[in-house]
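In this note's numbering, the protein residues as written are 398 to 871.
And the structure:
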């Protein structure tokens, strides 16, 4: 008979199917008789250290358990759970496990997570043929022998393991989600049979040949960030793609994407792309990031009017005229270009976030028409219109530019100073004869510093942007 303590755990004790343990020490203190929990089905003992609870053992829990999660508990040995063979779901993530041989008895498991451990060998898992979901993310696994028996697998996470060969995966034809990010892969030929994949993550490898992907026509999400890819022509066959990341490669031509009518998100930053005309008619496209490429100029974008997020940073652009038609844009990143005229942007009335930093902008008055704007970055430009600066300063978070030399350690501010903004320069002291007058216009990280202690401001405002009414600071 279970004696229920008269305390905060009453609700837990009366719960028929769910037993949540956030603080095992408190349960022990209240004399909870764990052996009496014959109705217990689900157990969660995350975020505690079992070895600090000497009065309780995992094998005290009944063998009626169906779902167990024991994460971040620093356990090295799982022999205490040997009587839980009826388990259907088991999560032992982020512990210190190396030996998992005992798990070969858990043949009823449909879901198993062993991520974030120190596992090197998974042969003992070969008997778990009912598994539908398996995560081995972030271990020390190089050999996948044994995994080929898990033919019911639909979701498999092998990310951050130094894999030698993918051959055992070729039998897992039911796989829908496969994560192989940061696995030191150079060849993915063994994946060609996995034609039912809908989600494939190959980020952070050394892959150059994508031909094995050609038949994966069910793919909806494909992540290829940071590989050694030049040619993406095989992607033209993946007509179901909705989310594609090809960033951090050496891709120049993206013409293969022009017929991917279902594509909603394309991330292609840090490549060698010179033209985005190929994707400018994909009407489903909502998110496009082609920053850090070689675009130089933009063509007609009237075919992608559903765009809500667009990143064109570091491209050498000197005109934003073609952007005027993108009236559904909410976020726009144009930093590090050569833009001077931003008048066409006044049509983008749904913008909430706009980054124009590091351009050649002199006048931002046209932006006052953007009533939805919440975040504006105009740092590293040459803007001195105090009325406009004051307007934005009152209505949203704003940074602007400092005209002093980077090595200048002390700045004597004139009476015309209007605002001081934190940035990445080396200014260390703030001196102004009218400090009290302007103290409320000193800004750090978008929050006004309301203090009379000048020394405090000097200490925390080590780095600034400064505005002044003239053409520079003194």
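Quick reminder that beta carbons are idealized off the backbone N, C-alpha and C, glycines included.
Open item on the list: In this structure, how does DSSP classify residue 744 when only helix, strand and coil are distinguished?
Closed with: Note: residue 744 maps to helix in three-state DSSP.
- [ ] Kindly list the residues whose CB is nearer than 8 Å to the CB of residue 647, restricted to its own chain and excluding five residues on each side of it in sequence; keep chain order.
- [x] Within its own chain, the residues whose Cβ lies closer than 8 Å to the Cβ of residue 647, once the five positions on either side in sequence are excluded, are 625, 626, 627, 668, 669, listed in chain order.
- [ ] Give me the Cα-Cα distance between residue 770 and residue 579, rounded to the nearest whole angstrom.
- [x] Residue 770 and residue 579: Cα-Cα distance of roughly 38 Å.
- [ ] State yes or no: is the C-beta of residue 550 within less than 7 Å of the C-beta of residue 525?
- [x] The answer is no: Cβ separation not under 7 Å.
Open item on the list: Going by the DSSP bridge assignment, what does residue 554 pair with across the sheet?
Closed with: Beta-bridge pairing links residue 554 to 532, 576.
Open item on the list: Please classify residue 734 as buried or exposed, where buried requires at least 16 neighbouring CB atoms within 10 angstroms.
Closed with: Label assigned to residue 734: buried.
Open item on the list: Quick check on the DSSP output: what are the complete beta strand (DSSP E) runs of length 3 or more inside the region 577 to 613, in order along the chain?
Closed with: Listed in chain order, the beta strand (DSSP E) elements of length 3 or more contained wholly in the region 577 to 613 are 596 to 598.
Task: Alpha-carbon to alpha-carbon, residue 691 and residue 764 - done: Between residue 764 and residue 691, the C-alpha separation is close to 27 Å.
- [ ] Can you have a look at residue 755 and say buried or exposed, based on whether 16 or more other CB atoms are within 10 angstroms of its CB?
- [x] Looking at its Cβ environment, which holds 16 or more other Cβ atoms inside 10 Å, residue 755 is buried.
Task: Supposed contact pair residue 537 and residue 523 - C-beta distance, whole angstroms, cut 8 Å - done: Contact doesn't hold; Cβ gap of about 18 Å is too wide.
Task: Cβ separation of residue 723 and residue 709, assumed to be a contact under 8 Å, to the nearest whole Å - done: That belief does not hold up - the Cβ atoms of residue 723 and residue 709 are roughly 11 Å apart, past 8 Å.
Open item on the list: Between which residues of its own chain and residue 847 is the CB-CB distance below 6 Å, once the five residues before and five after are set aside?
Closed with: For residue 847, the predicted model reports a pLDDT of 34, less than 50, meaning its position is unreliable and no value from the coordinates is stated.
Open item on the list: Checking 7 Å against the spacing of the C-beta atoms, do residue 721 and residue 688 come in under that value?
Closed with: Cβ atoms of residue 721 and residue 688: not closer than 7 Å.
Open item on the list: As an exercise, report each continuous beta strand (DSSP E) stretch of at least 3 residues that is fully enclosed by the region 623 to 706, in chain order.
Closed with: If you keep only unbroken beta strand (DSSP E) runs of at least 3 residues inside the region 623 to 706, you get 640 to 642, 662 to 664, 684 to 686.
Task: Beta-carbon contacts of residue 590 that lie in its chain and below 7 Å, excluding the five residues immediately before and after - done: Around residue 590: 567, 570.
Task: Residues near residue 543 in its chain [Cβ-Cβ closer than 6 Å; skip 5 each side] - done: Closer than 6 Å at the Cβ level, and outside the excluded window around residue 543, lie 519, 520, 522, 523.
- [ ] Excluding the 5 residues preceding and the 5 following residue 492 in the sequence, name in chain order all residues of the same chain whose CB lies nearer than 8 Å to its CB.
- [x] Correct list, in chain order: 467, 468, 469, 470, 471, 472, 473, 513, 514.
TODO: Measure the alpha-carbon distance for residue 600 versus residue 508 and round it to whole angstroms.
DONE: When the Cα atoms are used, residue 600 and residue 508 turn out to be separated by approximately 24 Å.
TODO: Could you check if residue 680 is buried or exposed, using at least 16 other CB atoms within 10 Å of its CB as the buried criterion?
DONE: The residue in question, residue 680, is exposed, as its Cβ has fewer than 16 Cβ neighbours within 10 Å.
Open item on the list: Along the chain, where does the beta strand (DSSP E) containing residue 464 start, and where does it finish?
Closed with: Where residue 464 is concerned, the enclosing beta strand (DSSP E) stretches over 464 to 466.
TODO: Look up residue 618 in the DSSP assignment and give the residues it is bridged to.
DONE: Bridge partners of residue 618: 596, 640.
Open item on the list: In whole angstroms, give me the CA-to-CA distance for residue 632 and residue 622.
Closed with: Distance between the alpha carbons of residue 632 and residue 622 is about 15 Å.
- [ ] State the DSSP-derived secondary structure class of residue 476, mapped to helix, strand or coil.
- [x] Shown here, residue 476 sits in a helix according to DSSP, grouped into three states.
Task: Bridge partner(s) assigned by DSSP for residue 526 - done: Residue pairing by DSSP leaves residue 526 without any beta bridge partner.
Open item on the list: Considering only their Cβ atoms, is the gap separating residue 539 from residue 565 smaller than 7 Å?
Closed with: Between residue 565 and residue 539, the C-beta gap is not smaller than 7 Å, which leaves the two residues out of contact.
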